[in-house]
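When you line the sequence shown up against my numbering, it's residues 1 to 277, in that order.
By construction, the Cβ of each residue, glycine as well, lies at the ideal position given by its N, Cα and C atoms.
Taking it in order: structure first as structure tokens, then the write-up.
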Amino acid sequence: MEEKLKAKPLSDREYAECFNVFKGISTEWTAIQDWLRDTFLPSVPLKNSAAVLSVGSGTGDFDLALMKLLREKIPRIDYTALDPNKEHNRIFRNRYNNEGKCLNSLKIIAQAFGLEKIRGKFDIVHLTHCLYYIPDRRAALSHAWELLAQDGAILIFHQTALGINEIQKAFMKRVKGSEKEIFSTYDIIHLLNDMKIPYKHDILISDLDVTDCVEGNIKGRQLLSFLLEANCDEIDDDLKKEIITFIKDTCRQIDGRYFLFHPGGIFWICKSSCAGK
């Protein structure tokens, strides 16, 4: 029998709380920082200033790491961050202030990425796990390309078709009545190829320790809500058991803990003379 009750979307505060739980069980953030330091930073030219646009800045984890790395090569950085989640923006601003201001300027704007919102040219545009939430992904990629300065770089960090995407494909529509957020690196590849935008594509190996989900504790319920983009406390017990069984079957078990293979994808897009290097 099909479930009639659909779980409500997460509020800004609920999403921020669930996202914080997710960060604690993912190895992706360390892998991203290593990639930035070892692969991306050596390609950044020495210059006096740079403008950076962060789309989907969240609580600033990626941005704070990127700022510190860029300051090693660029003394003046003007940084613009976009995220519609006001709770995320509050946390980001506080973290930036507490960790020591390291930029010429930081603007954090509580809005989504749209054609009419941002003007100017940027040396780096990065879209970090945000294309799931942008309805017109083609327009977003096109706009990012238009905003890119000569010899600038677009970085896209996004989930692959493995891991979370598998859970979402199996259950998101049943849980919340919609699966519009389902969008993987496979879809980005097709879009970029169709748009004839040149790119490099890397894979970051990472795991999620989803043991809390299996055990059903508070953190596990928050994590499940994050994975399915809805308040999973509102779904019926039979469906919840079905989801947990699916997660267990998808994971590998080590010393009594459950690990979900969740590789991340990176797209590196350069304009003009840096393309193909």
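First through last residue of the alpha helix (DSSP H) which encompasses residue i
| i | result |
| --- | --- |
| Phe-113 | Per DSSP, Phe-113 belongs to no alpha helix (DSSP H) and is neither H nor E. |
| Gly-24 | 12-25 |
| Leu-70 | 61-70 |
| Leu-192 | 185-195 |
| Ile-44 | The sequence shown places Val at residue 44, rather than the Ile named in the question. It is not in any alpha helix (DSSP H) - Val-44 carries neither H nor E in the DSSP assignment. |
| Leu-224 | 218-228 |
| Asp-34 | 28-35 |
| Tyr-96 | 86-98 |
| Asn-165 | 164-176 |
| Glu-146 | 137-147 |
Under 7 Å between C-beta atoms of residue i and residue j
| i | j | result |
| --- | --- | --- |
| Tyr-186 | Leu-192 | no |
| Ser-272 | Asp-151 | yes |
| Ser-43 | Phe-92 | no |
| Asp-123 | Ala-50 | yes |
| Ile-74 | Lys-47 | yes |
| Arg-95 | Gly-120 | no |
| Lys-8 | Asn-231 | yes |
| Ile-243 | Phe-171 | yes |
| Cys-18 | Phe-183 | no |
| Ile-32 | Asp-209 | no |
| Cys-270 | Ala-144 | no |
Residue i - partner residues in DSSP beta bridges
| i | result |
| --- | --- |
| Gln-80 | Looking at the sequence itself, residue 80 is Thr, so the reference to Gln does not match. Looking at the DSSP assignment, Thr-80 forms a beta bridge with Leu-53 and Lys-107. |
| Lys-200 | Trp-268 |
| Thr-128 | Phe-157 |
| Arg-252 | Phe-259 |
| Asp-207 | Phe-261 |
| Phe-122 | Leu-148 |
Where the beta strand (DSSP E) through residue i begins and ends
| i | result |
| --- | --- |
| Gly-265 | 264-270 |
| Phe-40 | Looking at the DSSP string, Phe-40 is not in any beta strand (DSSP E), and its letter there is neither H nor E. |
Supposed close pair residue i, residue j - CB separation, criterion 8 Å
| i | j | result |
| --- | --- | --- |
| His-262 | Ile-164 | 6 Å |
| Asp-212 | Phe-259 | Not confirmed; about 12 Å, so no contact. |
| Arg-37 | Leu-66 | With 8 Å as the limit, Arg-37 and Leu-66 do not qualify as a contact, their Cβ atoms being about 10 Å apart. |
| Leu-10 | Glu-229 | 7 Å |
| Val-21 | Gln-222 | 5 Å |
| Lys-173 | Glu-179 | 4 Å |
| Leu-148 | Val-125 | 6 Å |
| Leu-106 | Tyr-79 | 5 Å |
Exposure of residue i, with buried meaning 16 or more beta-carbon neighbours within 10 Å
| i | result |
| --- | --- |
| Ala-139 | exposed |
| Glu-234 | exposed |
| Gln-111 | exposed |
| Thr-245 | exposed |
| Lys-176 | buried |
| Asp-249 | exposed |
| Gly-264 | buried |
| Ile-205 | exposed |
| Ile-254 | exposed |
| Thr-128 | buried |
| Asp-238 | exposed |
| Asp-63 | buried |
| Gly-100 | exposed |
| Ile-203 | exposed |
| Asn-89 | buried |
| Ile-188 | buried |
| Arg-13 | exposed |
| Gly-278 | Residue 278 is absent from the structure shown; the chain starts at 1 and stops at 277. |
| Glu-28 | buried |
| Ile-167 | buried |
Distance cut-off 6 Å: residue i Cβ against heavy atoms of the ligand ADP
| i | result |
| --- | --- |
| Leu-162 | With respect to the ligand ADP, the structure shown offers nothing to examine, as it has no ligands at all. |
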